[in-house]
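Heads up: the protein sequence lines correspond to chains A and B, in order.
For the first sequence, the residue numbers in full-length UniProt numbering are 1 to 338.
For the second sequence, the residue numbers in full-length UniProt numbering are 1 to 338.
Beta carbons: idealized from backbone N, C-alpha and C, even for Gly.
Computed from a predicted model, the values in this text were never measured in an experiment.
There are 2 protein chains.
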Amino acid sequence: MADQHPPRPPTIYDVAQAAGVAPSTVSRAFARPGRVNSQTAERIRAAATAIGYRANPVAQALSTARTRMIAVLVSDLSNPLYAELLRGAQVAASAAGYGVLVEDTREDAATERETAERILPLVEGVLLTSSRMSDSAIRSIAKQRPVVVLNRGLTDVSCVVADEQRGARRAVEHLGEAGHRDLAYASGPDASWTNGARWRAFSDACHELELTGRRIGPFEPTFAGGFEAALALAGARSTAVVAFNALMAVGLIRGLQQAGLVVPDQVSVVGFDDVLIGQIVSPALTTVSTPMQSMGATGLRNLLGLVNGARSRSPGPVVVPARLVIRDSSGPPGAQGG
Amino acid sequence: MADQHPPRPPTIYDVAQAAGVAPSTVSRAFARPGRVNSQTAERIRAAATAIGYRANPVAQALSTARTRMIAVLVSDLSNPLYAELLRGAQVAASAAGYGVLVEDTREDAATERETAERILPLVEGVLLTSSRMSDSAIRSIAKQRPVVVLNRGLTDVSCVVADEQRGARRAVEHLGEAGHRDLAYASGPDASWTNGARWRAFSDACHELELTGRRIGPFEPTFAGGFEAALALAGARSTAVVAFNALMAVGLIRGLQQAGLVVPDQVSVVGFDDVLIGQIVSPALTTVSTPMQSMGATGLRNLLGLVNGARSRSPGPVVVPARLVIRDSSGPPGAQGG
DNA sequence: ATGAAAGCGCTAACAT
DNA sequence: ATGTTAGCGCTTTCAT
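Shown next as structure tokens:
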């Protein structure tokens, strides 16, 4: 025999009928378990499972004006760092009963903006993990829905950033203690907020510790960019270099090795971000580890806070800790160094 | 002055009033542009933009029973391979006007199943990118909503897999042409469908080309697992090894080097999956590249096909091509080899 | 071509 | 504690 008509999923009306109560009572039994007689509630639950009832989230959303969904915008999902952020955010959302709508904005500010506007009516809040939009574009989104921005400081909008300040400081201290006096910072893209923060923190730390801190670049934030930086470094007298990110740091190590230099004996290399490749490269990379997953999670929880009516807390960004992971690419400057 | 009451977003009723027509006409003007007088349509559009109207997707979904959302389940977002799949899927969905609801199922079959069931009422279809569920669990989901499974063959459910057959074949051919006669396959997890497919294809190719094809393992599908495989390989007489995935291949290279062997002069190494680390490691990894993004995109498009009433096409899985990328970790067996 | 009205499944006053 | 009754914003017959 063929099936009946496509079986429409059961509704509260079906449950109500089966349990001999009014639909609203069924609704209450699920939404406000306290406000219904426990006997009745039991009967309702039984009826519901018997006929396979499951609440229709769309109808709930329409009725309550709460979709229980958050949009997470990522500029490039194939970048493992952003994937980690997304993961942290997704898990945190799920724990709070929220769904995550991802959008890969392909590194393009216009795409990002359109995407945000398009998706806005469907979500209760927006998490921007690596926004390429202007500050004003972000503020304009934030006017329509709660927004939390990751990896970028910005007034009037809730932000979460890693403690670049302390991370860079620890890197410089580590290098200074090892005996380096002349450090270089291999810069990433000028447009990157993170790059600016890292360079400033690096520079400040060098001043305080009375070390020379020069800057080279900017370079592409890639392996190739790091490789290029290694060439640029040949001219400088620095015995240690801090790279904008791990990929560049790995490129630097390889570039230096190619030039016949030994890492860390002749040049020490420190990176930012703890990615797998830094652990596998030889020598293994000393790096400032910024906890991407917990940033994603923190950002999402703050966002849910805003969604649920919390006033945005501190005036400044929320800061998650960064720490230095010391491996084998850094050490005391050797005899041939400098 | 303070703002008025929280400004409720404009509805078709507001637009209708502003344009002097009935709400249903406004609805038509947007949904079925042909079925309304172009003059009127123009007036409606003008009014809509003037008051900033935007359709409420929740109401549309409730009314039409189409949410225009797809669930994508991933077992581990921090795995770059899955992140790539997700990216391909997301972009394809977006192009079709669909949203993607991601869920990281944390490598756990039970979590995955619960997640799927929970999210089912909200989506029109489900894309399983790396399912840990049993075949029967998958079929049970597929009974409720259209499902497409990636990276796994399975009857009665629409699947997309890479051409492991041809990929492994090319790898073996390449090694055979270079002069290797005794090859090893470093196996990944027994539970992995992909691992089985790769081993079978490897084994078949070896038979056809009259080469010895042994199997070692299973190992963890990680750098450490590959490293371990290098030790196991010491006992065998193979001069070339094909690893289950790129991470293992890189671990193998390192393990072999550690043991004083030169890659590829003494042992050739070939991997599967083209990830950044394979390009950076030295020697750069020869590998079978499976196009993750296009797999994600293909899977999603097929899923939308099913959603829109297409009968699932061929009986077998859809196959996307794989190709061999020859780099520096493979070559002719050297004098000391074997 | 357009309007009127019912209904999608649920929630939330308001009654009782 | 439970039932009655309006909506939420849109789509979709069915009239006109």
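What are the partner residues of residue i, as DSSP defines its beta bridges?
i	result
residue 287/B	271/B, 325/B
residue 112/B	BP columns for residue 112/B are empty, so no partner.
residue 101/B	101/A, 71/B
residue 243/B	186/B
residue 128/A	73/A, 149/A
residue 318/A	160/A
Using a Cβ-Cβ distance under 8 Å, would residue i count as near chain A?
i	result
residue 277/B	yes
residue 1/B	Confidence at residue 1/B is low in this model, with a pLDDT of 44, below 50, so its placement is unreliable and no value can be given for it.
residue 70/B	no
residue 219/B	no
residue 368/B	The first residue shown for chain B is 1 and the last is 338, placing residue 368/B beyond what the model contains.
residue 99/B	yes
residue 223/B	yes
residue 78/B	yes
residue 54/B	yes
residue 171/B	no
residue 90/B	yes
residue 87/B	yes
Should residue i be labelled buried (16 or more other beta-carbon atoms within 10 Å of its own) or exposed?
i	result
residue 155/B	exposed
residue 174/B	buried
residue 162/A	buried
residue 58/B	buried
residue 22/A	exposed
residue 33/B	exposed
residue 37/A	exposed
residue 107/B	exposed
residue 324/A	buried
residue 104/B	buried
residue 2/B	Unreliable positioning characterises residue 2/B in this predicted model, as indicated by a pLDDT of 41, which lies under 50. The coordinate reading is nonetheless provided below. Residue 2/B should be labelled exposed.
residue 315/B	exposed
residue 180/B	buried
residue 237/A	exposed
residue 185/A	buried
residue 286/B	buried
residue 273/A	buried
residue 262/A	exposed
residue 49/A	exposed
residue 53/A	buried
residue 293/B	buried
residue 112/B	buried
residue 82/B	buried
residue 131/A	buried
residue 75/B	buried
Which residues bound the alpha helix (DSSP H) around residue i?
i	result
residue 62/B	57-64
residue 53/A	Segment: none, residue 53/A is in no alpha helix (DSSP H) and carries neither H nor E.
residue 14/B	12-19
residue 90/A	80-95
residue 135/B	135-144
residue 37/A	First-last for residue 37/A: undefined, no H or E at that position.
residue 307/B	292-307
residue 278/B	276-280
residue 310/B	Where residue 310/B is concerned, there is no enclosing alpha helix (DSSP H), given that its DSSP letter is neither H nor E.
residue 28/A	23-31
Any beta-carbon of chain B closer than 8 Å to the one on residue i?
i	result
residue 270/A	no
residue 245/A	no
residue 226/A	no
residue 94/A	yes
residue 161/A	no
residue 67/A	yes
residue 216/A	no
residue 307/A	no
residue 135/A	no
residue 124/A	no
residue 240/A	no
Under 7 Å from any heavy atom of the ligand SAM, does the C-beta of residue i make it?
i	result
residue 140/A	Ligands in the displayed structure: none, and consequently the ligand SAM is not present.
Tell me the start and end of each unbroken alpha helix (DSSP H) in the stretch 149-233 of chain B that is at least 4 residues and wholly inside, in chain order. 164-178, 193-208
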